[in-house]
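Residue numbers (this note's numbering), protein chains in the order written: chain C, 152 to 466; chain B, 29 to 168.
By construction, the Cβ of each residue, glycine as well, lies at the ideal position given by its N, Cα and C atoms.
So, in structure tokens, the structure goes:
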């Protein structure tokens, strides 16, 4: 019986959910992705868009929500530049900047949403204001066109945050209690900085997105946006773990993931963990690089960190 | 006798400025592009690693580009910029921002090279240690 239960769970962890009928969230993501894909030409955004579409097709909506932003930003910023090609002077830029500044949301919407949507929205919104702030001196002191690009990126980040806020989804349970994870972020930053110093030239570039995620986690934590901080912290931990997880760690990852999935079935909203479980499933089925090694990193480093944080806050 | 008092005061003031006064604390400030940046992120990681190595006496402050009073006072309009106790250690050109525009190569250019990043880390550590030992940082 135990064997049967475990087999069923292992199957559920990796098996795509048949997308016979879209949920309203999946339908909204699909519609947005189709718009994004019209602007995407090539490069990493094209890959992100294709993976998001693939995740939707496999019923992995949490993963699609996460991948969507990676496909959305650059094409949207480039479109913004095209639409503002008549901005040629510092004064004209300032006028556009003032308009965008007035559009920035001042706070996240209230109400019980899935934790993942709150986290994704907070993370995009937290990047929007500093990017907008940086775009002004960039345009006036360095290069007007590049400044316009960053203004467009800030605009796109605001749109992304609004999109996540607009999705018709209710929380799948009560939110886990969340508090500041500043010590966890500081510990991870210390470890990652030491890894970076010891890394060779080829792998040093991999540390740039990790550093960015840690910084974003820190900024969100300071703003008491704990869901966003937790998500970015786990994404940084995931990326850092990928650098040190050997291929042979993938053995048994499926079973370890199944065990954690069962443990998380406690009526609370674990949608942030669900994102990583779907990511692991995509790794195991070969839909997402680096394949099964990624699933091992999630099973052994990311989800245990998630569980440790939410259980610590519960005490 | 007023001139004698003034002379004694002047000598005493000069002596107190020149004498190394060990600091218990050093602040490293990085002015950076707010998020993902191939110049700013490696700089921050190296700064964090030096700070971790030197311990609690070293504080790291991150200031976002466009919002830094230190950068404004130093009339630096790009990034990244590194200050140690308010004194300029490395400017954007040192990391390769607009490299070659003025025909000069920065101290740590090309920045992606491990050897140049190591040189930055060594310079930063040496200056921070000097500061902790009481030496005054010379303006570059």
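Between the beta-carbon of residue i and the beta-carbon of residue j, is there less than 7 Å?
i	j	result
residue 204 (chain C)	residue 184 (chain C)	yes
residue 368 (chain C)	residue 291 (chain C)	no
residue 57 (chain B)	residue 98 (chain B)	yes
residue 59 (chain B)	residue 123 (chain B)	no
residue 359 (chain C)	residue 69 (chain B)	yes
residue 400 (chain C)	residue 361 (chain C)	no
residue 371 (chain C)	residue 380 (chain C)	yes
residue 446 (chain C)	residue 402 (chain C)	no
residue 180 (chain C)	residue 222 (chain C)	no
residue 385 (chain C)	residue 342 (chain C)	no
residue 213 (chain C)	residue 426 (chain C)	yes
residue 474 (chain C)	residue 199 (chain C)	With chain C covering only 152 through 466, there is no way to say anything about residue 474 (chain C).
residue 422 (chain C)	residue 265 (chain C)	yes
residue 345 (chain C)	residue 150 (chain B)	no
residue 99 (chain C)	residue 307 (chain C)	Because chain C here runs from 152 to 466, residue 99 (chain C) falls outside it and cannot be looked at.
residue 88 (chain B)	residue 79 (chain B)	yes
residue 299 (chain C)	residue 235 (chain C)	yes
residue 302 (chain C)	residue 251 (chain C)	yes
residue 324 (chain C)	residue 208 (chain C)	no
residue 378 (chain C)	residue 206 (chain C)	no
residue 187 (chain C)	residue 320 (chain C)	no
Helix or strand or just coil, what does DSSP make of residue i?
i	result
residue 435 (chain C)	helix
residue 400 (chain C)	helix
residue 44 (chain B)	Only weak support exists for where residue 44 (chain B) lies, its pLDDT of 42 falling under 50; the coordinates are left without a value.
residue 54 (chain B)	strand
residue 239 (chain C)	coil
residue 376 (chain C)	coil
residue 149 (chain B)	helix
residue 263 (chain C)	coil
residue 308 (chain C)	helix
residue 79 (chain B)	helix
residue 182 (chain B)	Outside the displayed span of chain B (29 to 168) sits residue 182 (chain B), for which this structure offers no information.
residue 189 (chain C)	helix
residue 452 (chain C)	helix
residue 120 (chain B)	helix
residue 184 (chain C)	helix
residue 350 (chain C)	coil
residue 104 (chain B)	coil
residue 332 (chain C)	coil
residue 465 (chain C)	helix
residue 141 (chain B)	coil
residue 67 (chain B)	coil
residue 297 (chain C)	helix
residue 315 (chain C)	helix
residue 172 (chain C)	For residue 172 (chain C), the predicted structure reports a pLDDT of 44, less than 50, and the residue's modelled location is therefore unreliable. The matter cannot be settled from this model.
residue 272 (chain C)	helix
residue 286 (chain C)	helix
residue 393 (chain C)	helix
Is the shortest distance between the beta-carbon of residue i and the beta-carbons of chain A less than 7 Å?
i	result
residue 153 (chain B)	Given the protein chain composition of this structure (C and B), no chain A is represented.
Can you pull the DSSP bridge partners for residue i?
i	result
residue 425 (chain C)	Answer is none; residue 425 (chain C) lacks a bridge partner.
residue 115 (chain B)	B:112
residue 212 (chain C)	Looking at the DSSP assignment, residue 212 (chain C) forms no beta bridge with any residue, so it has no partner.
residue 92 (chain B)	B:60
residue 419 (chain C)	C:325
residue 87 (chain B)	B:55
At 9 Å on the CB atoms, spell out the chain C contacts of residue i, in chain order.
i	result
residue 105 (chain B)	288, 291, 292 and 293
residue 80 (chain B)	340, 341, 344 and 345
residue 149 (chain B)	348
residue 113 (chain B)	Going along chain C, no residue has its Cβ under 9 Å from residue 113 (chain B), so there is no contact; the nearest lies around 21 Å.
In chain C, which residues lie less than 8 Å from residue i when you measure between Cβ atoms?
i	result
residue 63 (chain B)	278, 281, 282, 363, 366 and 367
residue 70 (chain B)	347, 355, 358, 359 and 362
residue 52 (chain B)	Ordered by position in chain C, no residue passes the 8 Å Cβ test against residue 52 (chain B), which lies about 21 Å from the chain.
residue 74 (chain B)	344, 347 and 348
List the residues of chain B whose Cβ lies closer than 7 Å to the Cβ of residue i, in chain order.
i	result
residue 351 (chain C)	142
residue 285 (chain C)	61, 62, 92, 93 and 94
Give the interface partners of residue i over in chain C, defined as CB-CB distance under 7 Å, in chain order.
i	result
residue 122 (chain B)	The contacting residues do not exist; residue 122 (chain B) stays about 16 Å from chain C at best.
Legend entry - Within 8 Å of chain C by C-beta, residues of the stretch 89-102 of chain B in sequence order: 90, 92, 93, 94 and 95
Inset, instruction - Name, going along the chain, the residues of the stretch 234-263 of chain C whose beta-carbon falls closer than 9 Å to a beta-carbon of chain B. - result: none
Inset, instruction - Compile a chain-ordered list of the residues in the stretch 195-227 of chain C whose CB is closer than 8 Å to at least one CB of chain B. - result: none
Legend entry - Cβ-based contacts, 7 Å cut-off: residues of the stretch 293-313 of chain C near chain B: 293
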